[in-house]
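Below is one structure, written out as structure tokens; comments come after it.
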């Protein structure tokens, strides 16, 4: 069936673009190979969507079952009964087998290893957080209802964001396909201009360019398809991308050294600019002046860009870390929650979190460690959340539940806004791919117009 569609498509392209049989056969053989790759990719797209839906169903079932008895075994058993046949059910079954058959570890380690089987098959930050919470509560106790409600609300927002992103990417993918089709139709128009007996379809240059344009359009299609092949479980708010070395490099920034480097580089550019002026090269001299001005300020520009990028990463990582804090607060005080949160803290927060905990050991009742956390970046959301954590640490029991509720609401709203913007930005590449066929079509039109004019002039006896 697919092969027949390829043949029909090739015949249509041959008529539209006046492709010769040799060009058509070569491109047809190429497309027969590519179509098999595309079929495999579309299967992967369906599998990734199914994995996401299975994970969402598993999280709902696990949390609703866990809130009843607070037992990991019961939650996994209910999930196994509810889930349909598939990879997720097999992973849950393997986890249950581990619970029932392993006796040489502590109960906490057995639970953690059993749930770790699912974590490895379905690597997702929210599933890991849910599992860690369940193990912690069953092992050490703590409030369940508030935490489960928080996890369900967070999961609901996350699921909604991913579904919206799926629809947006599917729509943008179809826009890319339509853009490719429209660009090919535009390319075909010039080949059918009713100007006497002028026909450039058989020209070798036109045939070669047609083949190149088709290859480029195929590449554009393949790149657009990759946006649908992503692992949806790891797309949203998983881990901070900034590694420890980049964070340390930011804090080890030497302003004096960088300023000296800027002066040296600006001096070199200034000398080259003076030489260009002396040689009468006005254009190069003007470019040299702009380059000299840039080099004088390159350390400031670089620092500003690094700060801006780090703030963006902090805003993305902070809600993830705060979620761990809120869950830990159901069974720990604020200071212990901060210490335990270091285990899974995003890399971009590790340094400041370690400093915060060190300062709290020295002055546990002082507000300064909380206010100094990420202070140099001046992020209002971070400052507000840390002020609320300090208020909770002071043991104002009359408003403790209300304060935790406010913290939860703020965190969910902040995380929703940050991740929505981040997902929207990650879709921007599809818009560029939507515009790309215009470039390929324009290139072919320019060459075809030139060939058309040359052929017309020659046939008229002018050339």
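Residue numbers (our numbering): 945 to 1407.
Even glycine gets a Cβ: it sits at the ideal position worked out from N, Cα and C.
Please read these numbers as outputs of a predicted model, since none were measured by experiment.
Just confirm the distance between the C-beta atoms of residue 1003 and residue 1070, as a whole number of angstroms; I'd bet it's less than 8 Å.
-> 7 Å
Determine the DSSP secondary structure at residue 1182, reduced to helix, strand or coil.
-> Below a pLDDT of 50, predicted positions are generally treated as unreliable, and residue 1182, at 47, falls in that range; the measurement from the model is reported next regardless. Coil.
Other residues of its chain near residue 953: CB distance less than 6 Å, five sequence neighbours each side excluded = none
For the alpha helix (DSSP H) containing residue 1156, list its first residue and its last residue.
-> Looking at the DSSP string, the run of the alpha helix (DSSP H) that includes residue 1156 is 1148-1170.
Cβ shell of residue 1037 (< 7 Å), same chain only, five flanking positions each side left out = 1024
Exposed unless 16 or more other CB atoms sit within 10 angstroms - verdict on residue 963 | buried
Spell out a yes or no on whether the stretch 1245-1257 and the stretch 1059-1069 are touching, meaning 3 or more CB-CB pairs, one atom from each, closer than 8 Å.
-> The stretch 1245-1257 makes no contact with the stretch 1059-1069: fewer than 3 CB pairs, one atom from each, lie closer than 8 Å.
Counting Cβ pairs closer than 8 Å, one from the stretch 1118-1128 and one from the stretch 1082-1093, do we hit at least three?
-> no
What do you reckon, are the CB atoms on residue 1079 and residue 1045 nearer than 8 Å?
-> no
For residue 1293, which residues from the same chain have a beta carbon less than 6 Å from its beta carbon, with the 5 sequence-adjacent residues on both sides left out?
-> 1261, 1265
For residue 1012, collect the residues of the same chain with a Cβ closer than 8 Å to its Cβ; drop the 5 residues on either side in sequence, then sort them by chain order.
-> Hits under 8 Å: 1018.
Under the three-state DSSP convention, the category residue 1015 falls into | coil
DSSP on residue 1317, reduced to helix/strand/coil?
-> coil
Where in the stretch 1232-1283 do unbroken runs of the alpha helix (DSSP H), each at least 4 residues long, occur, reported from the N-terminal end onward?
-> 1242-1272
Could you pull out every unbroken beta strand (DSSP E) segment of at least 3 residues lying fully inside the stretch 1318-1399, listed in chain order?
-> Those beta strand (DSSP E) runs which fall completely within the stretch 1318-1399 and span 3+ residues do not exist here.
Please look up how many angstroms separate the CB atoms of residue 1367 and residue 1150, rounded, as I've assumed it's under 8 Å.
-> Incorrect: roughly 42 Å between the Cβ atoms, too far for contact.
Following the continuous alpha helix (DSSP H) through residue 1068, name the residue where it begins and the one where it ends.
-> Element bounds for residue 1068: n/a, residue is neither H nor E.
With 16 other Cβ atoms within 10 Å as the buried cut-off, status of residue 1005 = buried
If we count Cβ pairs, one from each stretch, closer than 8 Å, do we get three or more for the stretch 1190-1209 versus the stretch 1279-1298?
-> yes
Starting from residue 962 and walking both ways along the alpha helix (DSSP H), at which residues does that stretch end?
-> No alpha helix (DSSP H) contains residue 962, which DSSP labels as neither H nor E.
Can you check whether the CB of residue 1279 is closer than 8 Å to the CB of residue 1337?
-> yes
CA-to-CA distance, residue 1171 to residue 1001, given in whole angstroms | 24 Å
Going by C-alpha distance, which of 1158, 984, 997 is nearest residue 974?
-> 1158
How is residue 1227 classed by DSSP in three states: helix, strand or coil?
-> helix
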